Each structure stands twice: as C-alpha cells, then as structure tokens.
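Asker: Here you go, one structure.
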Amino acid sequence: MNPQAKLIFIMSLFLGTTITMSSNHWMTAWAGLEINTLAVLPMISKSHHPRAIEAATKYFLVQAAASTLVLFSSMTNAWHTGQWDITQLTHPTSSLILTAAISMKLGLVPFHFWFPEVLQGSPLITGLILSTAIKLPPITLLYMTSHSLNPELLTTMALLSIALGGWMGLNQTQIRKILAFSSISHLGWMAIIIVYNPKLTMLNFLLYCLMTAAVFLTLNSMKVLKLSTLITSWTKSPSLSSIFLLTLLSLAGLPPLTGFLPKWLIIEELTKQDMVPAAMMMSLLSLLGLFFYLRLAYCATITLPPHTTNHMKKWHTNKPVNISIAILTTLSLMLLPISPMIVTIL
Numbered sequence: 006m007n008p009q010a011k012l013i014f015i016m017s018l019f020l021g022t023t024i025t026m027s028s029n030h031w032m033t034a035w036a037g038l039e040i041n042t043l044a045v046l047p048m049i050s051k052s053h054h055p056r057a058i059e060a061a062t063k064y065f066l067v068q069a070a071a072s073t074l075v076l077f078s079s080m081t082n083a084w085h086t087g088q089w090d091i092t093q094l095t096h097p098t099s100s101l102i103l104t105a106a107i108s109m110k111l112g113l114v115p116f117h118f119w120f121p122e123v124l125q126g127s128p129l130i131t132g133l134i135l136s137t138a139i140k141l142p143p144i145t146l147l148y149m150t151s152h153s154l155n156p157e158l159l160t161t162m163a164l165l166s167i168a169l170g171g172w173m174g175l176n177q178t179q180i181r182k183i184l185a186f187s188s189i190s191h192l193g194w195m196a197i198i199i200v201y202n203p204k205l206t207m208l209n210f211l212l213y214c215l216m217t218a219a220v221f222l223t224l225n226s227m228k229v230l231k232l233s234t235l236i237t238s239w240t241k242s243p244s245l246s247s248i249f250l251l252t253l254l255s256l257a258g259l260p261p262l263t264g265f266l267p268k269w270l271i272i273e274e275l276t277k278q279d280m281v282p283a284a285m286m287m288s289l290l291s292l293l294g295l296f297f298y299l300r301l302a303y304c305a306t307i308t309l310p311p312h313t314t315n316h317m318k319k320w321h322t323n324k325p326v327n328i329s330i331a332i333l334t335t336l337s338l339m340l341l342p343i344s345p346m347i348v349t350i351l
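Each residue of the sequence shown is one higher than the one before, starting from 6 at the first, in my numbering.
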C-alpha cells in the first residue's frame, strides 16, 4: 500500500476514535464510528486476494447494520425523552437496541459470526487494529451508557461469549481465527462487569490490548499464520518463541502474569454483587481458552515434529527482538505486583 494512503487511513482511524470518545451527542459519535469503518476497509482489502475482499465486504455490511441500529436507538430515545445526549439514554427499548448494535460492533455472541472470518482474511497488523483500536469507540459508548444497560441481557451474552469463544477455538489450526475466538471470550469478561464497575471493564480492555498487541507483533515478526508454520518457528527465533509462550500464558490469565489481574478483580466484583454462580461458570469456561493457548504455546516452543512437514526448516538466526515487542511483553507479564496501585487508581 502507498505510504501516503496508509498515513491517511491511520490518521482517519485516530480521528474517528477521538470524535466518538469525546462526543456527547449521538450524531457525532455515529460519525466517528463511520469514519473508523471507512478507514479500516482499505487496510483489510489491500492484498486484493478473494478472501481479503470477502472479509472487507462482510466487515462493511455488519458495521453498516450496527451503525444503523445505533442511529435508530438514539432516535428512539430522542423521540421519547427529547434528549440526544449519550449519557441520557434512559428509554428501555433504546437501551436494548443499543446493546445489540454495540455487540455487533464488538463481535459479542450472538453477533460474533463475522469476526473470525474478517480476521482470517486480514493481514496480521490489520488484525491487530481490528482486535484492539477498532473496539475502543464501541467500548467507550458502553462505558458512557453503562448506568442504563440491562444487566441480565449483558450477563447472558457475556457467558455465551466466554463459552463459545472457548469451544470454537479448540479445533482451529489458523492462528488468526484462534485469536479471534480469544477476543470474543475476553469481550465476555468485559461485558459482564460493565454495569457494576465500568472502570474495571476499561482496565480489562487496556490490559487485553497490551497482551494482544504483543502476540500479534510477535507473530508478524516470525511471519507465522498457522500452527504447522508455528511448529518450525523455534529453529528460526528461539527468543521470540520463548516470549510468545509467556505472553500466551498471560493472555490465558495464569498467575503470576498480568492477564490474571483483570480476571481476579472481575471475579471479586461479581462475588460482591452476589453473582457467585456466574463467576464460577466464567472461571470454569476460561479453562477452554487455557487449553487452546497451551496448544499454541506447545506448538511454538516445545515440539519439533518427528515427521517431515511441508515447510522448510529455517536457519537459526539470532535476530534481535523488536523494542516494541520487548516493551509490550514486559507489560504483559509483570504488572501483577503493582495491582494494589492499579486498584487504588480505579
């Protein structure tokens, strides 16, 4: 892609995100979401491969439908209350429609079907943007309207997201699809707590972005897209593979790594809200996610298959680790000891 065009698209992405996050009026928030959608479409379809074009088409249709629902929700609320302010979304029907719209934008169950396909058809860096930056404006809208959302509906969608994200990631061989189902599962953890403690949702999202960025940049550096290629990556870059193992375990939420912190705080908050059964179900369902993270880690670091693969063995090259990967990985692994300070800030 032309560097000037890429710069324009990335600046548009920043602009759309900033407009949505800083707006009080529904129309400006909607405009920011549309700018984001239009900015990311060329980044998905830049390879001109049929799968990339298919991914861009699916992304456009789903996001257009979600934006229409956002407009419909805000207009219904304005019709009944006379308010266009985002924080004044008080009509119950508007709240339900908005929850559906934001779920489509994020890829929460049952509106998740587009996300694995779109991520599979996108390059790794675009996949990183789709998994992190693109989800910031919808999460912000949920944050601003959290007081008027339906807790039962969100709890149901969250539990289904965690369950489905775990189950459907089990038998995948394409790494981008595995990360898509991982994202759906993490969104479930964010959605269940947004009504009770919105700041905790934002903390979870921030830590998820750190860990996902570390994983995507590591995969991009190793040029790996599927498990059969990942198996032979140890011979090419052992240091990156070791880092990748630890980051995956952090993403799975194992103590004493950073990924354990949001899960621990969310389960604590749910217990305070007398939602012990939901907390227990989430803890058990997260074991499904742990299984496919361990499978990825196993392929990356422990196995060199005894049979011959279709991929040529790479020369062992001591390629230096990118500084951004090093910083992100450090943050993904070592923030748990400062959790008291983070909780105090919250």
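We put the CB at the ideal spot given by N, CA and C, even for glycine.
Fair warning: this is a prediction, and the values are worked out from it, not measured in the lab.
With distances taken from CA atoms, which of Ala138, Leu222, Ala61 and Asp90 is nearest threonine 33?
Answerer: Looking at the Cα atoms, Asp90 is the closest of the given residues.
Asker: In angstroms with no decimal places, state the Cα-to-Cα distance between methionine 16 and proline 97.
Answerer: Answer to the nearest angstrom: the Cα atoms are 36 Å apart.
Asker: Flag this pair as yes or no: are the beta carbons of proline 203 and threonine 25 separated by less than 7 Å?
Answerer: Not a contact, by the Cβ cut-off of 7 Å.
Asker: Measure the C-alpha to C-alpha separation of methionine 207 and methionine 195 and round it to an integer number of angstroms.
Answerer: So the two alpha carbons sit approximately 8 Å from each other.
Asker: What did DSSP end up calling glutamine 68 once you bin it into helix, strand or coil?
Answerer: In the structure shown, glutamine 68 sits in a helix (DSSP, three-state: H, G or I).
Asker: With a cut-off of 8 Å, do at least 3 Cβ pairs link the segment 216 to 227 to the segment 162 to 174?
Answerer: Contact fails: fewer than three Cβ-Cβ distances are below 8 Å.
Asker: Helix or strand or just coil, what does DSSP make of lysine 241?
Answerer: Coil, per DSSP.
Asker: Relative to the alpha-carbon of glycine 21, which residue among Leu43, Trp31, Leu12 and Ala10 has its alpha-carbon at the smallest distance?
Answerer: Measuring from the Cα of glycine 21, the nearest candidate turns out to be Leu43.
Asker: Counting only the same chain and skipping the five closest in sequence on each side, list residues whose C-beta sits under 8 Å from that of threonine 95.
Answerer: Asn82, Thr86, Gln88 and Ser153, listed in sequence order.
Asker: Do you know offhand how far isoleucine 144's Cα is from threonine 335's?
Answerer: Rounded to the nearest angstrom, the two C-alpha atoms are 25 Å apart.
Asker: Quick one, are the C-beta atoms of isoleucine 40 and serine 50 less than 7 Å apart?
Answerer: Contact flag unset, no.
Asker: With H, G and I counted as helix, E and B as strand and the rest as coil, what does DSSP make of lysine 51?
Answerer: Coil, per DSSP.
Asker: Going along the chain, which residues of its own chain have a beta-carbon closer than 7 Å to the beta-carbon of leucine 259, five neighbours each way excluded?
Answerer: So the list reads Phe265, once near-sequence residues are dropped.
Asker: Who are the Cβ neighbours of isoleucine 199 in its own chain at under 6 Å, not counting the five residues just before and after it?
Answerer: The residues are Leu147, Ser151 and Thr206.
Asker: So, helix, strand or coil for histidine 117, using DSSP?
Answerer: Histidine 117 falls in the coil class under three-state DSSP.
Asker: From the DSSP output, which residues share a beta bridge with histidine 30?
Answerer: DSSP lists Asp90 as partners of histidine 30.
Asker: What distance in whole Å lies between the Cβ atoms of leucine 164 and lysine 140, which are believed to be in contact at a cut-off of 8 Å?
Answerer: Between leucine 164 and lysine 140 the Cβ distance is about 20 Å, and since that is not below 8 Å, they are no contact.
Asker: Using DSSP with H/G/I as helix, E/B as strand and the rest coil, what is lysine 231?
Answerer: DSSP places lysine 231 in strand when its eight states are reduced to three.
Asker: On the criterion of 16 or more Cβ atoms from any shown chain inside 10 Å, does glutamine 68 qualify as buried, or is it exposed?
Answerer: Buried: at least 16 other Cβ atoms inside 10 Å.
Asker: With 16 as the cutoff for other CB atoms within 10 Å, does methionine 285 come out buried or exposed?
Answerer: When all chains shown are included, methionine 285 counts as exposed.
Asker: Just checking my contact of isoleucine 272 with serine 288 at CB under 8 Å: how many whole Å lie between their CB atoms?
Answerer: Between serine 288 and isoleucine 272 the Cβ distance is about 7 Å, and since that is below 8 Å, they are a contact.
Asker: State the DSSP-derived secondary structure class of glutamine 179, mapped to helix, strand or coil.
Answerer: Three-state DSSP puts glutamine 179 in a strand.
Asker: Is valine 348 buried or exposed, if buried means 16 or more other CB atoms sit within 10 Å of its CB?
Answerer: Counting Cβ neighbours within 10 Å, valine 348 comes out exposed, since fewer than 16 surround it.
Asker: Could you work out which residue in Met227, Leu230, Ser188 and Lys231 is closest to phenylalanine 210 when comparing CA atoms only?
Answerer: Cα-wise, what sits closest to phenylalanine 210 is Ser188.
Asker: Would you report the Cα separation of methionine 6 and methionine 227, rounded to the nearest angstrom?
Answerer: Methionine 6 and methionine 227: Cα-Cα distance of roughly 21 Å.
Asker: State buried or exposed for lysine 277, treating a residue as buried only when at least 16 other CB atoms are found within 10 Å of its CB.
Answerer: Burial call: exposed.
Asker: Excluding sequence positions up to five away, which residues of its chain have a Cβ less than 8 Å from the Cβ of lysine 364?
Answerer: Because the chain is modelled from 6 through 351, residue 364 falls outside the range shown and cannot be assessed.
Asker: Given a cut-off of 7 Å on the beta-carbon distance, is the pair methionine 109 and phenylalanine 120 in contact?
Answerer: No, Cβ-Cβ distance for methionine 109 and phenylalanine 120 is not below 7 Å.
Asker: Along the chain, where does the alpha helix (DSSP H) containing glycine 132 start, and where does it finish?
Answerer: Glycine 132 -> alpha helix (DSSP H) spans 129 to 136.
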